[in-house]
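S.K.: Let me give you the structure first, and then I'll get to my questions.
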Amino acid sequence: LGYGHPEVDEAVRGTVSAGNMSSLNCPEEVYLVEKLLELHPWAAMGRLARSGGEANAVAIRIARAAAGKTTVAICGYHGWHDWYLAANLGDDENLAGHLLPGLEARGVPDNLRGSVVPFHYNDFSELEKVVRDREIGVIKMEVSRSAGPEPGFLENVRKLATDNGIVLIFDECTSGFRQSFGGLHKIFGVEPDMAIFGKTLGNGYAITASIGRREVMEAAQSTFISSTFWSERIGPTAGLKTLEVMERERSWERITETGGNIGSRWQKLAAKHGVPLQLNGLPALIGFSIPSANALKYKTLITQEMLKKGFLATTAVYSCIAHTPQVVDSYFEALDPVFALISECENGRAVDELLEGPVCHAGFTRLN
Numbered sequence: 015l016g017y018g019h020p021e022v023d024e025a026v027r028g029t030v031s032a033g034n035m036s037s038l039n040c041p042e043e044v045y046l047v048e049k050l051l052e053l054h055p056w057a058a059m060g061r062l063a064r065s066g067g068e069a070n071a072v073a074i075r076i077a078r079a080a081a082g083k084t085t086v087a088i089c090g091y092h093g094w095h096d097w098y099l100a101a102n103l104g105d106d107e108n109l110a111g112h113l114l115p116g117l118e119a120r121g122v123p124d125n126l127r128g129s130v131v132p133f134h135y136n137d138f139s140e141l142e143k144v145v146r147d148r149e150i151g152v153i154k155m156e157v158s159r160s161a162g163p164e165p166g167f168l169e170n171v172r173k174l175a176t177d178n179g180i181v182l183i184f185d186e187c188t189s190g191f192r193q194s195f196g197g198l199h200k201i202f203g204v205e206p207d208m209a210i211f212g213k214t215l216g217n218g219y220a221i222t223a224s225i226g227r228r229e230v231m232e233a234a235q236s237t238f239i240s241s242t243f244w245s246e247r248i249g250p251t252a253g254l255k256t257l258e259v260m261e262r263e264r265s266w267e268r269i270t271e272t273g274g275n276i277g278s279r280w281q282k283l284a285a286k287h288g289v290p291l292q293l294n295g296l297p298a299l300i301g302f303s304i305p306s307a308n309a310l311k312y313k314t315l316i317t318q319e320m321l322k323k324g325f326l327a328t329t330a331v332y333s334c335i336a337h338t339p340q341v342v343d344s345y346f347e348a349l350d351p352v353f354a355l356i357s358e359c360e361n362g363r364a365v366d367e368l369l370e371g372p373v374c375h376a377g378f379t380r381l382n
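Below is the structure:
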């Protein structure tokens with residue numbers, strides 16, 4: 015919807031005034047899970063948390079308990095907890111191809127080595143080998159991020175999991191509610207055993223959810239998963255109102271159209287200035303890259319120059335309904351001269367002379 019949506023904020027203010035927390039489960043928690051299950055009929059139960067990493071850890075605990083096997087095959091970015099960073103034990107580059115390179119596993123117990131095995135998106139033969147060679151209990155992956163699934167990929171993953179008694183989790187913290195009213199997996203017609211939602215769900219307020227099939231989720235009763243602050247009402251209140259407004263506005267259709275329009279205009283702007291450009295990502299999560307030795311410097315230049323014009327911008331746009339046609343027009347009006355500068359640099363001008371600070375990082379790098 016866009017941060018600061020008046021209806022969502024008003025609902026939250028009402029909850030704060032009425033009393034946010036009693037340490038008992040709040041009714042909004044039940045209503046929000048019921049709505050998520052209504053949107054995903056394959057699921058029967060849900061658990062709420064407050065951050066994506068937290069929801070991922072909850073889902074992994076439940077899935078491992080349900081599968082009776084602890085080794086996890088992963089594809090994508092799934093947070094900061096020990097279970098995930100264990101993939102980098104012994105090789106810091108294991109997670110380099112999964113959104114963020116440079117993730118350090120220092121402090122993660124070495125006895126978790128080998129408990130998480132990465133595989134590459136759209137490489138089903140690699141996943142088959144992982145399942146064949148290891149005692150995999152859980153396959154956890156993003157449905158899509160920078161590229162879509164090749165024909166049959168998700169279907170084959172689903173069948174592989176079913177045939178081998180593996181719990182399949184789709185991490186939709188990023189992709190959920192952007193191109194469909196619910197999980198992106200609904201578009202592809204492939205149902206997981208569990209799905210995780212976050213980010214868009216609360217429109218800026220902290221709320222995440224893990225939903226799943228009854229036979230999987232009931233395993234939560236055999237382990238300990240709890241937090242006092244999960245009983246607060248702000249997150250579920252925001253989630254309920256956000257879903258209400260999304261449904262009324264059909265936000266997923268609007269932002270998909272907006273993102274597609276932005277991608278098309280990027281291509282036209284690049285052609286106008288003779289700048290090489292490649293699009294990536296789903297329309298609602300659209301981004302571009304400039305295939306050049308100066309790619310990171312150009313990315314830095316874009317942010318630097320657009321900030322001067324009042325836009326916090328980089329090489330990606332995660333659309334929201336606040337991105338009206340007028341906002342998009344203003345964005346491209348500001349971006350046009352920046353592409354002109356990039357064109358000059360591609361034709362001999364020194365981009366370093368234009369930069370007023372350090373070059374942006376390509377992965378995770380500490381700033382302090």
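Residue numbering for the sequence shown follows my numbering, beginning at 15 and increasing consecutively.
No residue lacks a Cβ here, since even glycine has one placed at the ideal position from N, Cα and C.
(1) Within the continuous alpha helix (DSSP H) that includes residue 351, where are the two ends?
(2) Provide the residue span of the beta strand (DSSP E) that contains residue 332, from first to last.
(3) Could you pull out every unbroken alpha helix (DSSP H) segment of at least 4 residues lying fully inside the stretch 213–285, listed in chain order?
(4) Would you kindly check if the distance between the Cβ of residue 266 and the Cβ of residue 194 is under 9 Å?
(5) On the DSSP letters alone, give me the boundaries of the alpha helix (DSSP H) that residue 301 sits inside.
(6) Please say whether residue 216 and residue 249 have beta carbons closer to each other than 9 Å?
(7) Report yes or no: do three or more beta-carbon pairs, one from the stretch 206–225 and one from the stretch 57–77, lie closer than 8 Å?
(8) Which one of 171, 156 and 165 has the shortest CA to CA distance from residue 143?
(9) Spatial neighbours of residue 51 within its chain, please: CB distance less than 8 Å, with the 5 preceding and 5 following residues excluded, ordered by chain position.
(10) In chain order, what residues of the same chain have a beta carbon less than 7 Å from the beta carbon of residue 346, not counting five sequence neighbours either side?
(11) If we ignore side chains and look at the alpha-carbon of each, how far apart do residue 325 and residue 307 end up?
(12) For residue 169 and residue 157, I'd like the C-alpha separation in whole angstroms.
(13) Which residues does DSSP list as the beta-bridge partners of residue 67?
(14) First and last residue of the beta strand (DSSP E) that includes residue 152?
(15) Measuring straight from C-alpha to C-alpha, what distance separates residue 89 and residue 102?
(16) Skipping 5 residues on each side, what residues in its chain have a beta carbon closer than 6 Å to that of residue 25?
(17) Residue 245 and residue 108 look like a contact to me (Cβ under 8 Å); what is the Cβ gap, rounded to whole Å?
(18) When burial is assigned at 16 or more other CB atoms within 10 Å of the CB, is residue 17 buried or exposed?
(19) Under 8 Å, with one C-beta from each stretch per pair, do the stretch 232–240 and the stretch 199–215 reach the 3-pair mark?
(20) Measuring CA to CA, which of 191, 365, 231 and 227 is closest to residue 212?
(21) Could you tell me the distance, in whole angstroms, from the CA atom of residue 330 to the CA atom of residue 99?
(22) Within its chain, find whatever has a CB closer than 7 Å to the CB of residue 310; leave out the 5 residues flanking it on each side and keep chain order.
(23) Reducing DSSP to helix, strand and coil, say where residue 105 ends up.
(24) According to the neighbour-count rule (16 or more other Cβ atoms, all chains shown, within 10 Å of its Cβ), is residue 185 buried or exposed?
(25) How long is the line joining the alpha carbons of residue 176 and residue 35, rounded to whole angstroms?
(26) With distances taken between CB atoms, is the gap from residue 259 to residue 22 smaller than 9 Å?
(27) Mind checking which residues open and close the beta strand (DSSP E) that includes residue 294?
(28) With residue 41 as the anchor, note down where its alpha helix (DSSP H) starts and where it stops.
(29) Along the chain, where does the alpha helix (DSSP H) containing residue 202 start, and where does it finish?
(30) For chain C, check one thing: does any of its Cβ atoms lie closer than 9 Å to the Cβ of residue 27?
(31) First and last residue of the alpha helix (DSSP H) that includes residue 317?
(32) Using alpha carbons as the reference points, say which of 285, 165 and 268 lies closest to residue 338.
(33) At which residues does the beta strand (DSSP E) containing residue 185 begin and terminate?
(34) Can you tell me whether residue 20 is buried or exposed? The criterion is at least 16 other CB atoms within 10 Å of its CB, across all chains shown.
M.R.: Here's the rundown:
(1) Locating residue 351 in the sequence shown gives position 337, counting from the first residue. That run of the alpha helix (DSSP H) goes 339–360.
(2) The count along the sequence shown starts at 1 and reaches residue 332 at position 318. Where residue 332 is concerned, the enclosing beta strand (DSSP E) stretches over 330–332.
(3) Runs of the alpha helix (DSSP H) spanning 4 or more residues and lying entirely within the stretch 213–285 occur at 228–231 and 248–263, in chain order.
(4) The residue given as residue 194 occupies position 180 in the sequence shown. The residue given as residue 266 occupies position 252 in the sequence shown. Yes, these two residues count as a Cβ contact at 9 Å.
(5) Stepping through the sequence shown from its first residue, residue 301 is reached at position 287. According to the DSSP assignment, residue 301 belongs to no alpha helix (DSSP H) but to the beta strand (DSSP E) extending over 299–303.
(6) One-based indexing of the sequence shown puts residue 249 at position 235. One-based indexing of the sequence shown puts residue 216 at position 202. Contact: yes.
(7) Under the three-pair Cβ rule at 8 Å, the stretch 206–225 counts as touching the stretch 57–77.
(8) Here the question's residue 143 lines up with position 129 in the sequence shown. Nearest to residue 143 by C-alpha distance, out of 171, 156 and 165, is 171.
(9) On the sequence shown, residue 51 is found 37 positions in, with the first residue counted as 1. If we look at residue 51 and ignore the five residues flanking it on each side, its Cβ neighbours are 57, 58, 59, 60 and 225.
(10) As a working note, residue 346 is residue 332 in the sequence shown. The answer, listed in chain order, is 279 and 283.
(11) Here residue 325 is taken as the residue at index 311 of the sequence shown, counted from 1. Here residue 307 is taken as the residue at index 293 of the sequence shown, counted from 1. Computed Cα separation, rounded: 25 Å.
(12) Taking the first residue of the sequence shown as 1, we reach residue 169 at position 155. Taking the first residue of the sequence shown as 1, we reach residue 157 at position 143. Looking at the backbone, the Cα of residue 169 and that of residue 157 are separated by about 11 Å.
(13) Here residue 67 refers to the residue found at position 53 of the sequence shown. Its beta-bridge partners do not exist; DSSP assigns none.
(14) Stepping through the sequence shown from its first residue, residue 152 is reached at position 138. In the DSSP assignment, residue 152 falls within the beta strand (DSSP E) that extends over 150–156.
(15) Stepping through the sequence shown from its first residue, residue 89 is reached at position 75. Stepping through the sequence shown from its first residue, residue 102 is reached at position 88. Straight-line spacing of the CA atoms in residue 89 and residue 102 works out to 13 Å.
(16) Residue mapping note: residue 25 aligns to position 11 of the sequence shown, counting from 1. Answer for residue 25: 251 and 255, listed in chain order.
(17) Taking the sequence shown and counting its residues from 1, the one referred to as residue 245 is at position 231. Taking the sequence shown and counting its residues from 1, the one referred to as residue 108 is at position 94. Contact between residue 245 and residue 108 fails: their C-beta atoms lie close to 37 Å from each other, not under 8 Å.
(18) Working through the sequence shown from its first residue, we reach residue 17 at position 3. With a threshold of 16 other beta carbon atoms within 10 Å, residue 17 falls short and is exposed.
(19) Per the Cβ contact rule, the stretch 232–240 is not in contact with the stretch 199–215 (fewer than 3 Cβ pairs under 8 Å).
(20) As a position in the sequence shown, residue 212 is number 198, starting the count at 1. Closest by alpha carbon: 191.
(21) Against the sequence shown, residue 330 aligns to sequence position 316. Against the sequence shown, residue 99 aligns to sequence position 85. One C-alpha to the other measures close to 26 Å.
(22) Position 296 of the sequence shown, counted from the start, is the residue given in the question as residue 310. The answer, listed in chain order, is 373, 374 and 376.
(23) Counting from 1 along the sequence shown, the entry for residue 105 is found at position 91. Residue state for residue 105 is assigned as coil, using DSSP reduced to three classes.
(24) As a first step, residue 185 must be located in the sequence shown, where it is residue number 171. Classification for residue 185: buried.
(25) The count along the sequence shown starts at 1 and reaches residue 176 at position 162. The count along the sequence shown starts at 1 and reaches residue 35 at position 21. Residue 176 and residue 35: Cα-Cα distance of roughly 40 Å.
(26) Numbered from its first residue, the sequence shown carries residue 259 at position 245. Numbered from its first residue, the sequence shown carries residue 22 at position 8. Less than 9 Å separates the beta-carbon of residue 259 from that of residue 22.
(27) As a working note, residue 294 is residue 280 in the sequence shown. Per DSSP, residue 294 belongs to the beta strand (DSSP E) from 292–294.
(28) For the purposes of this step, residue 41 is identified with residue 27 of the sequence shown, where counting begins at 1. Going by DSSP, residue 41 is part of the alpha helix (DSSP H) stretching over 41–53.
(29) Reading the sequence shown from its first residue, position 188 is the one you call residue 202. Counting along the chain, the alpha helix (DSSP H) containing residue 202 begins and ends at 199–202.
(30) Protein chain content of the structure displayed is limited to a single chain, and chain C is not contained in it.
(31) Here the question's residue 317 lines up with position 303 in the sequence shown. Following the DSSP letters along the chain, one finds residue 317 inside the alpha helix (DSSP H) bounded by residues 309–322.
(32) Here residue 338 is taken as the residue at index 324 of the sequence shown, counted from 1. Residue 268 holds the alpha-carbon nearest to the alpha-carbon of residue 338 among 285, 165 and 268.
(33) By one-based count along the sequence shown, residue 185 stands at place 171. First-last of the beta strand (DSSP E) with residue 185: 181–186.
(34) In the sequence shown, residue 20 corresponds to position 6, counting from 1. Burial call: exposed.
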